[in-house]
Amino acid sequence: ASELLEVFAAILRITEVEGMAATLPRPALDLSDLVEQMAENYRPNMEDSGHIFRTQIQPGLTLSGDRRLLKQAIANLLDNSLRHTPPGTQVTLGAERKEYSVCIIVSDDGPGVEPSELGRLLQRFARSERSRSTPGHGLGLALVAAIAAAHGGRAEVESNKGFRVTLTFPTAASQSWAAQTARQELG
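Okay, here's the thing in structure tokens:
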């Protein structure tokens, strides 16, 4: 019964995040600092579990968004790395600027997933074949994708050597440029 309640709560949370995109508070926040804090919070767990934990965080990154939800997305990704990779795996948490966006990246050099599974991993209840023997319900990456979308961004998964999830968000400058361009086109 408690497991069923857990699944139900997770589905409600995903639905809630999907529904709040238009009303999501978007104060400016220091993304570099947020990612650094998450790295410091997870470093002991990574080391205790035998993982090699690295960070690659560009300083001075900013984002307009909900700090609590972004922390939840990073936590889900780091928890997945802890749960689905063996000791000795290198896990990297990063944040970087691209031309009109900022990205949060969690990658590892673990076993990865089959390329045929990548397309569905961001959907609810999707699990890779390798993760079927570990606890979980296949809702964590769906929540991460919903959080990215609620911020006007996207989540992408890759599995070449290991596994990588990239969350890409428009910068405040690109959002204001897009809004200004849309106003000019309308008026």
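The sequence shown: position 81 = 75 (our numbering), numbered continuously.
Backbone N, C-alpha and C fix where the C-beta goes; we use that ideal spot for every residue, glycine too.
6 Å Cβ shell around I99 - same chain, five flanking residues per side excluded: G88 and T160
Contacting residues, own chain, Cβ-Cβ under 6 Å from S75 (five flanking each side not counted): V85 and D102
Taking 8 Å as the cut-off, decide whether the C-beta atoms of Q50 and R91 are in contact. No; because the gap between Cβ atoms is not below 8 Å, this pair is not in contact.
Can you list, in chain order, the residues of its chain with a C-beta nearer than 7 Å to that of N39? Leave out the 5 residues immediately preceding and following it. Counting only Cβ-Cβ distances below 7 Å, and skipping sequence neighbours, we find L76.
Roughly how far, in whole angstroms, is the beta-carbon of S58 from the beta-carbon of T162, given that I think they are within contact range, below 8 Å? No, S58 and T162 are not in contact; Cβ-Cβ is about 14 Å, not under 8 Å.
If we call anything under 8 Å between Cβ atoms a contact, is S141 one with L28? Checking the sequence, you will find Ile at residue 141 rather than Ser. It is not a contact, given that the beta carbons lie outside the stated cut-off.
When you compare each of G54, H78 and H45 to G134 by their alpha carbons, which one comes out closest? H78
Measuring CA to CA, which of E34, T83 and L55 is closest to L25? L55
Mind checking whether L137 and N35 have CB atoms under 8 Å apart? no
In chain order, which continuous runs of the alpha helix (DSSP H) of length 4 or greater are located wholly inside the segment 25 to 63? 25 to 42
Residue closest to A144, alpha-carbon to alpha-carbon, out of A22, D60 and T165: D60
For P105, tell me which candidate among A33, D42 and N154 has the shortest Cα-Cα distance. N154
Quick one: what's S75 bridged to in DSSP? None; S75 has no bridge partner.
DSSP state of V138, grouped into three classes? helix
Based on Cα-Cα distance, which residue from G82, E108 and F157 lies nearest to G44? G82
Alpha-carbon to alpha-carbon, I68 and R62: For R62 and I68, the distance between alpha carbons rounds to 10 Å.
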